[in-house]
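Heads up: the protein sequence lines correspond to chains E, Z, H and U, in order. So the first sequence is residues 1 to 301, counted in this note's numbering. So the second sequence is residues 1001 to 1301, counted in this note's numbering. So the third sequence is residues 2001 to 2301, counted in this note's numbering. So the fourth sequence is residues 3001 to 3301, counted in this note's numbering.
Number of protein chains: 4
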Amino acid sequence: MPLTPEQQAEIDALRASPQPTLRTIAPGLEQHLYTAYDVLDHGFIRVIDYMGDDNAICQAARVSYGKGTKQVSQNEGLIRYLMRHWHSTPFEMCEIKLHVKLPVFVARQWIRHRTANVNEYSARYSILDREFYIPEPDQLAAQSTANAQGRGDVLEGAEAARVLEILKSDSARAYDHYEEMLAQDDQKGLARELARMNLPANVYTQWYWKVDLHNLFHFLRLRADSHAQYEIRVYAEAICKLVADWVPFAYSAFEDYRMGGVTLSSKAIECLRRMLQGEEVTQETSGMSKGEWREFEGVIG
Amino acid sequence: MPLTPEQQAEIDALRASPQPTLRTIAPGLEQHLYTAYDVLDHGFIRVIDYMGDDNAICQAARVSYGKGTKQVSQNEGLIRYLMRHWHSTPFEMCEIKLHVKLPVFVARQWIRHRTANVNEYSARYSILDREFYIPEPDQLAAQSTANAQGRGDVLEGAEAARVLEILKSDSARAYDHYEEMLAQDDQKGLARELARMNLPANVYTQWYWKVDLHNLFHFLRLRADSHAQYEIRVYAEAICKLVADWVPFAYSAFEDYRMGGVTLSSKAIECLRRMLQGEEVTQETSGMSKGEWREFEGVIG
Amino acid sequence: MPLTPEQQAEIDALRASPQPTLRTIAPGLEQHLYTAYDVLDHGFIRVIDYMGDDNAICQAARVSYGKGTKQVSQNEGLIRYLMRHWHSTPFEMCEIKLHVKLPVFVARQWIRHRTANVNEYSARYSILDREFYIPEPDQLAAQSTANAQGRGDVLEGAEAARVLEILKSDSARAYDHYEEMLAQDDQKGLARELARMNLPANVYTQWYWKVDLHNLFHFLRLRADSHAQYEIRVYAEAICKLVADWVPFAYSAFEDYRMGGVTLSSKAIECLRRMLQGEEVTQETSGMSKGEWREFEGVIG
Amino acid sequence: MPLTPEQQAEIDALRASPQPTLRTIAPGLEQHLYTAYDVLDHGFIRVIDYMGDDNAICQAARVSYGKGTKQVSQNEGLIRYLMRHWHSTPFEMCEIKLHVKLPVFVARQWIRHRTANVNEYSARYSILDREFYIPEPDQLAAQSTANAQGRGDVLEGAEAARVLEILKSDSARAYDHYEEMLAQDDQKGLARELARMNLPANVYTQWYWKVDLHNLFHFLRLRADSHAQYEIRVYAEAICKLVADWVPFAYSAFEDYRMGGVTLSSKAIECLRRMLQGEEVTQETSGMSKGEWREFEGVIG
């Protein structure tokens, strides 16, 4: 169960009592405020607060460009221009705060994005809940044979059953022992900061994560990408939906120029020009390595 | 005149139309939203947007401490505890966005605080206004004889008059020439990105500045301090008033533990203990250098 | 065994072949280069590279202060002055790169220090070793009864034995199952990025960690502090020894003003002044809460 | 004259006395150490210190990828792979420290790159030298008529002469007045922190700037770009030459994938695919705006 009854009661109270503000409102995001969207088996994402909207991006850009921006004054065009030319500071003027529940091994990837603010549940201070991520059968993937850090086919039959059984029983036993170490009749109980070390990386933790839109887009480009590990990608995809409703112009530009965009090397651009002039270019005549050429072929279809 | 008529009209429209939101509201800051508070002769500070309040600090802290925080659950006590023990992340969960008009030499100090988001008016793109900071007579200070980076007595009489005359006439001439280089009958006009180099450091610029509360407190501790240069200190003091209305518990704890607090060295603590036991301690017997001892005497009165 | 034979051979080769450089040398740190110092049962710290020394701090400060610094030109005095007055940028001019092997639950605390560069061993890409942190008996502490995030007495007798047995057997079983999931006769093997989730937080990881001296001091102040968790404190203490040999003046100032220093609130300073004038001050007449007063008594002895 | 005799003497002494170190050496950069390379009329760049080389990038990457990296173990291939796939952390493991003398208006652009360490000459503390940037005649450009923040034709004849005369005489007068305000017979002298405000933005300042290679590449991509303002671009180009000698593999990959690379939107990629299949695509049928199409045509030649 993603939320405690106390958390749900708090959400319901907040959602029932809109208050007047003079600040910028993003109606598309107001409708999502506080609602916990399920991710994986026990995780969730919910928006706690936000600052700014598409208009706030333009407003900040116009401080920079002063009277010179009249000709690009339509918001969508300005936002697309800013995104295309890598102007990052106007996007930093929007901010979002999320409450996220996620497995520890996902949290360990996530935290590498340093330009963000985090308050994580402290297992030195408090006791973690008995909640572990157990993959759905269709995510129980074999090691890729082509890519050292990727997934291959889905495991099936006896192997799948055995793996699931290990994950479930080891999680359960680890948590039983965690509880037993913490407290037992007539015993002192191991310090929480030590007992937690017995819990595996699929245990759930939670945090508040606050980030500006520029850095959030950077996170989403890497983590909503098809090469990202599935278990973090589903969080990134859930955030993408929220951002699309929050700043629709910026999100659309992000999709076109970043998520769907491709960076080509100077060698690749040179090959393209030759091909457009009718030349047949092969890996051997391209100046690219085999790996680069394979990726280039993927881009040009 | 700090704001253009267009900017004032925009402010008036925004202030006239509160909208409902489900987000946290800080009533003390809502009343200041968009209002431009004068600073120096042509500068101002105004709040554009904010996220969070005292309660948001506690809410984030409670994510961290989970069920363990019941006993410090009163908000003010919790906030004072967090401040006293240098817990920075809960304060990062509040954010404020300011529109600031300020002289370039002040902007150059200010920008050294790196953990913030900035969109500055671009003098490559646009033309700067004819606005220069000219100190009030009571701020026309002589170089300190004791402190290489401080101010001494106020200049008076002929010297003061001469200095003011220089500042005014050089500013006026620099701006006249700036305009003449940019455009003149039958001439091409120098590029803006070059012409701006003729303007002195007391010309006004403006920017949007967005920062979290933890980093804002760090800025205020250094810049609202009595050793800060007067021209940045007045901005910091204007911000202090806004923050006091925004997050009253956090600001009060900041005043007590940071602004009014003092860090003593291990040697100073050792001396204090000896003095409290009745021993007469002098610089010679303190183990401190003359400079440290002088500062220590300032602390203990 | 902290280092592989290949790593040790690499170290020996590097240590055997000094090369000439025109850069600043810190002789005190050269002697430690590449040597792995044991921390905990399987961890280590070793210095991979460094930039700067005490003199580099002063050199940077003198760029800032130009001709004005003649009077504080002795290096030790200048460094103490910079530390006392919270000048952070000269200390940022020194940099150190460490190779650290550490348990995952320690890494999770450590990584919260965001202003640093990190390359961590990837368990998506590679297979973790069978190495787990098992506390020494004298570190098998009970939960503190006074402090929700601290340790109390050491566990003894049957309880200690039971806890150690759990930690050892759960680690061993988790690793056996990790291996079995990764590969087994006639099976595909679970993807590494999934199998790792079965490993508990006392498994060892390793990383390269690069940080400037200012941010390192901030890390050390928090993590070498007596309130830090023992398992990260021992790493911080090992780093302290290296830093003391690297930048002896800066480290000595850090010890005096930061590690051994105390920040007193304005209320505490007011009480001190009254006490030094002979007044008897109690918690009731101090204006401080009970918690603050207790901490204040701890400071003044 | 870019360097004072004292600075030159310090350089000569340092260059004359290589010392043994166990650290990684980058021979290509050792030869440039301390030498001041002229930039603009009074500016310079010189390398003060560095950490790491191409091999250090690979070494850090191999910590991450552990035993999995054998197949990409040749350094150049690995570095190109890391650059192509946006792996930033291995490049952060190299660091460089520069001493830069530059006009204030250039410094104001430069400082916007926040992830770096800076110690700037303090004009609160010290007195600035009489050195101002005056453009060469071939850089005295008119405002672009096509691009609000760009340069057009070079000014010629009387207009050029008039502009140069303004820049020179205003600089000279501003400095004369600066000196007169600071000190004069029988007068107190205005505080340095105030007097500096009379100096225009073409006055030279200097700083130590320390940055990791990843963030340096980001700086160079933006500032060595043909759209960057000439006066900062020449600094970026001077740094490019040093970096090419420091980390030749990384610099070559940077040139191919970043400086010479182009990011295409999903719409542009779609057009490319259609064109490669023989379709004639125009702006009208491309789905792109006129601005995007113009830029796209520039890419594909």
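Glycine included, each C-beta is placed from N, C-alpha and C at the ideal position. Just so it is clear, the structure is predicted and the values come from calculations on it, not from any experiment.
Straight-line gap, residue i to residue j (C-alpha atoms, nearest Å)
| i | j | result |
| --- | --- | --- |
| Arg223 (chain E) | Ile232 (chain E) | 6 Å |
| Trp2209 (chain H) | Asn2202 (chain H) | 20 Å |
| Trp3207 (chain U) | Ala3116 (chain U) | 12 Å |
| Ala3056 (chain U) | Gly3077 (chain U) | 14 Å |
| Val3039 (chain U) | Leu276 (chain E) | 41 Å |
| Pro1248 (chain Z) | His3042 (chain U) | 51 Å |
| Arg3173 (chain U) | Ser1171 (chain Z) | 11 Å |
| Gly3068 (chain U) | Val3100 (chain U) | Confidence at Gly3068 (chain U) is low in this model, with a pLDDT of 46, below 50, so its placement is unreliable and the value that follows should be read with caution. Going by the C-alpha atoms only, they are around 41 Å apart. |
| Ile2134 (chain H) | Glu131 (chain E) | 24 Å |
| Leu3272 (chain U) | Gly298 (chain E) | 13 Å |
| Arg2112 (chain H) | Gln283 (chain E) | 45 Å |
| Leu199 (chain E) | Val2163 (chain H) | 14 Å |
| Lys2070 (chain H) | Arg2062 (chain H) | No answer about Lys2070 (chain H) holds up, because its pLDDT of 49 lies below 50 and its placement is not dependable. |
| Pro3020 (chain U) | Thr2021 (chain H) | 6 Å |
| Gln3323 (chain U) | Glu1159 (chain Z) | Nothing about residue 3323 (chain U) can be read from this structure; chain U reaches only from 3001 to 3301. |
| Leu3102 (chain U) | His2214 (chain H) | 26 Å |
| Tyr3251 (chain U) | Ala3244 (chain U) | 5 Å |
| Met1181 (chain Z) | Ser3226 (chain U) | 24 Å |
| Pro2137 (chain H) | His177 (chain E) | 18 Å |
| Cys3240 (chain U) | Ala3060 (chain U) | 23 Å |
| Asp962 (chain Z) | Ile2269 (chain H) | The structure shown has nothing for residue 962 (chain Z), since chain Z only spans 1001 to 1301. |
| Arg258 (chain E) | Arg221 (chain E) | 7 Å |
| Gly3301 (chain U) | Leu2128 (chain H) | 49 Å |
Residue i, enclosing beta strand (DSSP E) - first and last residue
| i | result |
| --- | --- |
| Trp1207 (chain Z) | 1204-1212 |
| Asp2038 (chain H) | 2037-2039 |
| Met51 (chain E) | 43-51 |
| Lys2101 (chain H) | 2095-2103 |
| Leu1264 (chain Z) | 1262-1264 |
Chain H contact residues for residue i, given Cβ-Cβ distances below 7 Å
| i | result |
| --- | --- |
| Asp1256 (chain Z) | Ser2265, Ser2266, Lys2267 |
| Pro135 (chain E) | Leu2194 |
Opening and closing residue of the alpha helix (DSSP H) in which residue i lies
| i | result |
| --- | --- |
| Glu237 (chain E) | 230-246 |
| Ala3013 (chain U) | 3005-3015 |
| Asn1075 (chain Z) | 1075-1084 |
| Val2285 (chain H) | Rather than Val, the amino acid found at residue 2285 (chain H) in this sequence is Thr. Taken as a continuous stretch (DSSP letters only), the alpha helix (DSSP H) holding Thr2285 (chain H) covers 2283-2286. |
| Pro20 (chain E) | Premise fails: Pro20 (chain E) lies in the beta strand (DSSP E), 19-21, not in any alpha helix (DSSP H). |
Proximal residues of chain Z, C-beta to C-beta of residue i below 7 Å
| i | result |
| --- | --- |
| Gly3189 (chain U) | Ala1142, Gln1143 |
Per-residue contacts from residue i into chain H (C-beta, under 8 Å)
| i | result |
| --- | --- |
| Asn202 (chain E) | Met2197, Asn2198 |
Partner residues on chain U for residue i, Cβ-Cβ distance less than 7 Å
| i | result |
| --- | --- |
| Ile2025 (chain H) | Gln3019, Thr3021 |
| Thr2089 (chain H) | Asn3117, Val3118, Asn3119 |
| Trp2207 (chain H) | Val3063 |
| His1032 (chain Z) | Going along chain U, no residue has its Cβ under 7 Å from His1032 (chain Z), so there is no contact; the nearest lies around 28 Å. |
| Val1163 (chain Z) | Met3181, Leu3190 |
Residues of its chain near residue i, where Cβ-Cβ distance is below 6 Å and the 5 sequence neighbours each way are ignored
| i | result |
| --- | --- |
| Leu33 (chain E) | Val47 |
| Phe1105 (chain Z) | Ala1201 |
Cβ-heavy atom distance, residue i to the ligand FAD, below 8 Å
| i | result |
| --- | --- |
| Ile2166 (chain H) | By its list of ligands, the structure shown contains no ligand whatsoever, and the ligand FAD lies outside what it can speak to. |
Partner residues on chain Z for residue i, Cβ-Cβ distance less than 9 Å
| i | result |
| --- | --- |
| Leu2272 (chain H) | Leu1272, Leu1276, Val1299, Ile1300, Gly1301 |
Contact set between residue i and chain U, taken where Cβ atoms lie within less than 9 Å
| i | result |
| --- | --- |
| Arg84 (chain E) | Thr3263, Ser3265, Gly3291, Glu3292, Glu3295 |
Chain E residues whose Cβ lies nearer than 9 Å to that of residue i
| i | result |
| --- | --- |
| Glu2193 (chain H) | Phe105, Ala141, Gln143, Gln149, Gly150, Arg151, Gln229, Tyr230, Glu231 |
| Leu2242 (chain H) | The premise fails here: Leu2242 (chain H) is roughly 24 Å from chain E at the closest Cβ pair, so nothing lies under 9 Å. |
Partners in chain U for residue i, counting only beta-carbon separations shorter than 8 Å
| i | result |
| --- | --- |
| Ser1122 (chain Z) | Gln3149 |
| Asp1012 (chain Z) | Within 8 Å Cβ-Cβ: nothing; Asp1012 (chain Z) doesn't reach chain U, min ~29 Å. |
Other residues of its chain near residue i: CB distance less than 8 Å, five sequence neighbours each side excluded
| i | result |
| --- | --- |
| Ala1107 (chain Z) | Glu1120, Thr1205, Trp1207 |
| Val1281 (chain Z) | Cys1271, Arg1274, Met1275 |
Beta-carbon proximity list for residue i, same chain, < 7 Å, skipping 5 on both sides
| i | result |
| --- | --- |
| Gly287 (chain E) | Lys267 |
Alpha helix (DSSP H) runs contained entirely in the region 108-154 of chain E, provided each spans 4 or more residues
Correct list: empty.
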